[in-house]
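Colleague: Take this structure, written in structure tokens, and hold onto it; I'll ask about it next.
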Amino acid sequence: MKNKIIAVNLLAAFLLLSKTCVAQELDSVINKTIANYQNLNSFYIEFTQQFCEKTSGTCQKFEGCIYFLKPNYFRMELKNPQQLYVGDSVSLWLYLPDKKRAIRQHFGPQVPFAVNPDIFLKNYQERFNAELKIDKNYEIILTPIEKTEIYQRIVVTIDKQKYQITGINIIDETESENKFIFKNIQLNKKLSKKLFEFKPPKGTEIIEQ
Numbered sequence: 124m125k126n127k128i129i130a131v132n133l134l135a136a137f138l139l140l141s142k143t144c145v146a147q148e149l150d151s152v153i154n155k156t157i158a159n160y161q162n163l164n165s166f167y168i169e170f171t172q173q174f175c176e177k178t179s180g181t182c183q184k185f186e187g188c189i190y191f192l193k194p195n196y197f198r199m200e201l202k203n204p205q206q207l208y209v210g211d212s213v214s215l216w217l218y219l220p221d222k223k224r225a226i227r228q229h230f231g232p233q234v235p236f237a238v239n240p241d242i243f244l245k246n247y248q249e250r251f252n253a254e255l256k257i258d259k260n261y262e263i264i265l266t267p268i269e270k271t272e273i274y275q276r277i278v279v280t281i282d283k284q285k286y287q288i289t290g291i292n293i294i295d296e297t298e299s300e301n302k303f304i305f306k307n308i309q310l311n312k313k314l315s316k317k318l319f320e321f322k323p324p325k326g327t328e329i330i331e332q
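Residues 124 to 332, numbered by this note's numbering, are exactly what the sequence shown covers, in order.
In structure tokens, the structure reads:
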């Protein structure tokens, strides 16, 4: 009986130690990723986005690239259908060349959410329970603590060598899935401010919002 009690205590101690090690590794991955983006001045990223709506059973796929320059210059080019978003620090333009239409609205100083680790990872304990999975990359699975969150689950994929976010999968309260995959990630890439200038071509319908 005594040997059995000792064995049980050893198992409990091992499980506690394993849990502590996993928690430490999780925090280490998150902290290194946040630190990698902390001094971010600019970036260029190519991406694929797939949005699948649960209720209708339909999926949409987009491909494009994003440019960002601090403090708040932003450019996103989409293919099929062709769309252009340009944030010039004051206005955000959405240009639809097929419709010869440009929509202008106010643009705030914010890094695009999908590649900004602060949105989900910084102080994650306040909003999420987190689980770390290790395969070819790190996967951090975030589950909201509060039922009032609009997310069911968020999965952040992080490169094991570079600590860059290479993907994010967002499942909302309706079980619809919004998945981003990032490639050709270039942090602090030298960018010209001319990239973030937009002048609607002649004959374009302009809508102010």
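Idealized CB from N, CA, C, for every residue including glycine.
Pick out the complete alpha helix (DSSP H) segments inside the stretch 219 to 289, 4 residues or longer, and give them in chain order.
Modeller: List check, alpha helix (DSSP H) in window: 240 to 243.
Colleague: Run through the DSSP bridge pairs and tell me what glycine 210 is partnered with.
Modeller: Paired residue(s): Phe197, Leu215.
Colleague: Would you mind giving the Cβ-Cβ distance between leucine 163 and leucine 255, rounded to the nearest angstrom? I have them listed as a contact below 8 Å.
Modeller: Leucine 163 to leucine 255, Cβ: 23 Å. No contact.
Colleague: Using C-beta distances below 6 Å, list every residue in its chain close to glutamate 298, excluding the 5 sequence neighbours before and after it, in chain order.
Modeller: Closer than 6 Å at Cβ, skipping near neighbours: Lys177.
Colleague: Starting from asparagine 301, trace the beta strand (DSSP E) both ways and give me its first and last residue.
Modeller: Taken as a continuous stretch (DSSP letters only), the beta strand (DSSP E) holding asparagine 301 covers 300 to 310.
Colleague: By DSSP's criteria, leucine 192 is part of a beta bridge. Which residues make up the other side?
Modeller: Ser165, Tyr196, per the DSSP bridge assignment.
Colleague: Can you tell me whether leucine 163 sits near the ligand NAP, meaning its C-beta is under 7 Å from at least one heavy atom of the ligand?
Modeller: Questions concerning the ligand NAP fall outside what the structure shown contains, since it holds no ligand whatsoever.
Colleague: How many angstroms separate the CA atom of isoleucine 263 from the CA atom of serine 179?
Modeller: Isoleucine 263 and serine 179: Cα-Cα distance of roughly 28 Å.
Colleague: So, with DSSP's three-state summary, where would you put phenylalanine 319?
Modeller: Phenylalanine 319 falls in the helix class under three-state DSSP.
Colleague: Taking the beta strand (DSSP E) that glutamate 331 falls in, what are its first and last residues?
Modeller: Taken as a continuous stretch (DSSP letters only), the beta strand (DSSP E) holding glutamate 331 covers 328 to 331.
Colleague: Sort Ile273, Lys259, Phe243, Glu320 by Cα distance to leucine 265 and report the nearest one.
Modeller: Closest option to leucine 265, Cα to Cα, is Phe243.
Colleague: Using CA atoms only, rank isn't needed, just tell me which of Phe170, Lys259, His229 is closest to lysine 283.
Modeller: Ranking Phe170, Lys259, His229 by Cα distance to lysine 283 puts Lys259 first.
Colleague: Using three-state DSSP, classify cysteine 144 as helix, strand or coil.
Modeller: Unreliable positioning characterises cysteine 144 in this predicted model, as indicated by a pLDDT of 40, which lies under 50. The coordinate reading is nonetheless provided below. Residue state, collapsed to three classes: helix.
Colleague: Could you tell me whether the stretch 186 to 201 touches the stretch 312 to 330, using the rule of 3 or more Cβ pairs below 8 Å?
Modeller: Judged by Cβ distances under 8 Å, the stretch 186 to 201 makes contact with the stretch 312 to 330, as three or more pairs qualify.
Colleague: Is asparagine 159 helix, strand or coil by DSSP?
Modeller: Correct three-state label for asparagine 159: helix.
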